[in-house]
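Encoded as structure tokens, the structure appears first; notes follow it.
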Amino acid sequence: MIFKEALRSLRNSMSKAVFFALTFYITTALLFVYFNMAEAASTGPEVYVTNNNLADIIELLSKGNISNLMMVFVVVMCAIDLFFCNDFFVKNKAKELAVRLICGATYIQMAMYLLIQTVLLMLVSIPFGIGTGYLMLGGLNAILAKSGADIVVGISSFAMVEFWMVMLFVISVITLLNCSFAYKSGAVLLSGGNIAAMKKQGGYGVTNTKIFQLLLNLAGIIAALFPLYGFFKGSGGLAIMALIGCVGLDRTINYVLLPALTAYNRKRGTADTVKAAANGFVRRDVQFSKITVYLLIADLMVMMSMLFARENSPVEKLLIIFSYIAIAILQSLTIMFRLETDLSSRGKEYAILSQIGTETGMRHKIMHTELRRYYLFVLLLVVIYVGMALVSAAFTGGATIGEVSLLGASVIIPLIAVWLITVLYYQTILKKA
Numbered sequence: 458m459i460f461k462e463a464l465r466s467l468r469n470s471m472s473k474a475v476f477f478a479l480t481f482y483i484t485t486a487l488l489f490v491y492f493n494m495a496e497a498a499s500t501g502p503e504v505y506v507t508n509n510n511l512a513d514i515i516e517l518l519s520k521g522n523i524s525n526l527m528m529v530f531v532v533v534m535c536a537i538d539l540f541f542c543n544d545f546f547v548k549n550k551a552k553e554l555a556v557r558l559i560c561g562a563t564y565i566q567m568a569m570y571l572l573i574q575t576v577l578l579m580l581v582s583i584p585f586g587i588g589t590g591y592l593m594l595g596g597l598n599a600i601l602a603k604s605g606a607d608i609v610v611g612i613s614s615f616a617m618v619e620f621w622m623v624m625l626f627v628i629s630v631i632t633l634l635n636c637s638f639a640y641k642s643g644a645v646l647l648s649g650g651n652i653a654a655m656k657k658q659g660g661y662g663v664t665n666t667k668i669f670q671l672l673l674n675l676a677g678i679i680a681a682l683f684p685l686y687g688f689f690k691g692s693g694g695l696a697i698m699a700l701i702g703c704v705g706l707d708r709t710i711n712y713v714l715l716p717a718l719t720a721y722n723r724k725r726g727t728a729d730t731v732k733a734a735a736n737g738f739v740r741r742d743v744q745f746s747k748i749t750v751y752l753l754i755a756d757l758m759v760m761m762s763m764l765f766a767r768e769n770s771p772v773e774k775l776l777i778i779f780s781y782i783a784i785a786i787l788q789s790l791t792i793m794f795r796l797e798t799d800l801s802s803r804g805k806e807y808a809i810l811s812q813i814g815t816e817t818g819m820r821h822k823i824m825h826t827e828l829r830r831y832y833l834f835v836l837l838l839v840v841i842y843v844g845m846a847l848v849s850a851a852f853t854g855g856a857t858i859g860e861v862s863l864l865g866a867s868v869i870i871p872l873i874a875v876w877l878i879t880v881l882y883y884q885t886i887l888k889k890a
């Protein structure tokens, strides 16, 4: 009985199920190719850190095997992407769980209801991901052959052990998260609460004075702009600069840009209700999904740092570029999942707009204005940080024009694609409002 109801739920939410399976599919293919290529690239000399001082760490980053340096980073990023995807999928099941809970379902029944759906999607996506990864190895070997590299990337038994250990770990954690969500639903959904609701605590003492806050805002703006100076000065350290920039950017967005947007709405909101409503929604979108934008920028900066700041072999260079493209796609999907998790509850606001007499055309105009401003904001940040880093690499001779074009398009195209997908998803919400 539960199995049939789980299948019916999957059929009714097919679009969400497809994106859940697509994310698992891309991640599986990436990890399969990555571990096999990493095993092929790990033939160089090992460099170890003995004294844990800065000189040894720099030597490790510049001369150590790229497979060892990237392993933890790639695995963690893939896991984060899958967790955001899973969060989007299961939170859209909250109402279904609430109905089942009211009808007398137990915690075990609700957990099984979620697990059946997620396990079925994994069983479909993981084999296809492995098959795609196997086919991609042939294409990557052809690229290596054309570049003159005397190495062939094959399927390594050691790499497969690593691959399955990571996949089993991710599947286990997602299973625990889904069981936890089913448990929290019993305590929160019926009381009308929000699982993600968090209250900010006010500041006290000197940290709450206007002068101190202004100084912090100024420091945030300087930190956000500092990477641009470093890029064109050619000082290197893209990953460190990205971290500094994201910290400053977070302060600038929270305490400069968003308050300025609120002040603009209060001053001129009555002149154009469409822009005022869209600005309000954009403010909420940025607050909810900004962490995924920071992850996108930081991840790509780390990849570029490994690509441009080292002397890489052909297989190492191909491994980095492949990981860069795959992570750009996955992180773009993560931005979409994080945003759509919040948009799934946006129907209430549009229902209110409908009740006060807002026409359908105006509601659609608000939607398009909101998404256009949000994604243009994300694209602007990507162009400022990632784009400027690529341009500076081209000027300093670290990258060719072809590499800059490939790496830039690998970020821009997925973001535009998820923009269009979000529009389609948003339209389904408006129809139900």
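Residues are numbered in the numbering used here as their position in the sequence shown, beginning at 1, plus a constant of 457.
Quick reminder that beta carbons are idealized off the backbone N, C-alpha and C, glycines included.
Counting only the same chain and skipping the five closest in sequence on each side, list residues whose C-beta sits under 7 Å from that of residue i.
i      : result
TRP876 : LEU828 and TYR832
ILE612 : ASN493
ALA717 : none
ALA755 : ALA699, LEU700 and CYS703
LEU594 : VAL490, ASN493 and VAL610
PHE620 : LEU488, PHE489 and PHE492
For residue i versus residue j, is the C-beta spacing smaller than 7 Å?
i      : j      : result
VAL759 : VAL623 : no
SER604 : PRO871 : no
LEU467 : GLN574 : yes
ARG795 : SER862 : no
ILE921 : SER867 : Outside the displayed span of the chain (458 to 890) sits residue 921, for which this structure offers no information.
MET845 : PHE688 : yes
PHE738 : GLY855 : no
LEU460 : PHE546 : Sequence inspection shows Phe at residue 460; the Leu mentioned does not correspond to that position. Cβ distance not < 7 Å, so PHE460 and PHE546 don't count as in contact.
GLY804 : LYS888 : no
ILE784 : THR749 : no
ASN543 : ILE631 : yes
LEU881 : GLY865 : no
Locate the alpha helix (DSSP H) running through residue i, then write down its first and last residues.
i      : result
ARG803 : First-last for ARG803: undefined, no H or E at that position.
GLU860 : 858-889
SER470 : Looking at the DSSP string, SER470 is not in any alpha helix (DSSP H), and its letter there is neither H nor E.
ALA728 : Where ALA728 is concerned, there is no enclosing alpha helix (DSSP H), given that its DSSP letter is neither H nor E.
LEU714 : Note, LEU714: premise wrong, no alpha helix (DSSP H); not H, not E.
Skipping 5 residues on each side, what residues in its chain have a beta carbon closer than 8 Å to that of residue i?
i      : result
VAL731 : MET819, LYS822, ILE823 and THR826
LEU455 : Only positions 458 to 890 of the chain appear in this structure, which leaves residue 455 out of reach.
LEU787 : THR480, ILE483, THR484, LEU487, MET534, CYS535 and ASP538
GLU462 : TYR570
LEU673 : ARG708 and TYR712
Can you look up residue i in the DSSP assignment and give me helix, strand or coil?
i      : result
ALA766 : coil
GLU773 : helix
THR709 : helix
GLU816 : coil
THR853 : coil
SER613 : coil
CYS560 : coil
GLU503 : Because the pLDDT at GLU503 is just 46, under 50, the model does not fix this residue reliably, and the value given afterwards should be weighed accordingly. Coil, per DSSP.
ALA463 : helix
GLY687 : helix
Any beta carbon from chain B within less than 7 Å of residue i's own beta carbon?
i      : result
THR817 : Absent from the structure is chain B; it holds one protein chain and no more.
Short of 6 Å in beta carbon distance, which residues of its chain neighbour residue i, apart from the five on each side in sequence? Order them along the chain.
i      : result
ALA851 : VAL861
LEU706 : ALA681
TYR661 : Model confidence at TYR661 stands at a pLDDT of 42, short of 50, so the residue's coordinates are unreliable and nothing is read from them.
task: Would you be able to state if there are at least three C-beta pairs under 8 Å between the region 587-594 and the region 473-480?
output: Flag = no, the region 473-480 and the region 587-594 do not touch.
Are there three or more Cβ pairs, one per stretch, closer than 8 Å when the region 674-682 is compared with the region 697-706?
Taking 8 Å as the limit for Cβ pairs, the verdict is that the region 697-706 does touch the region 674-682.
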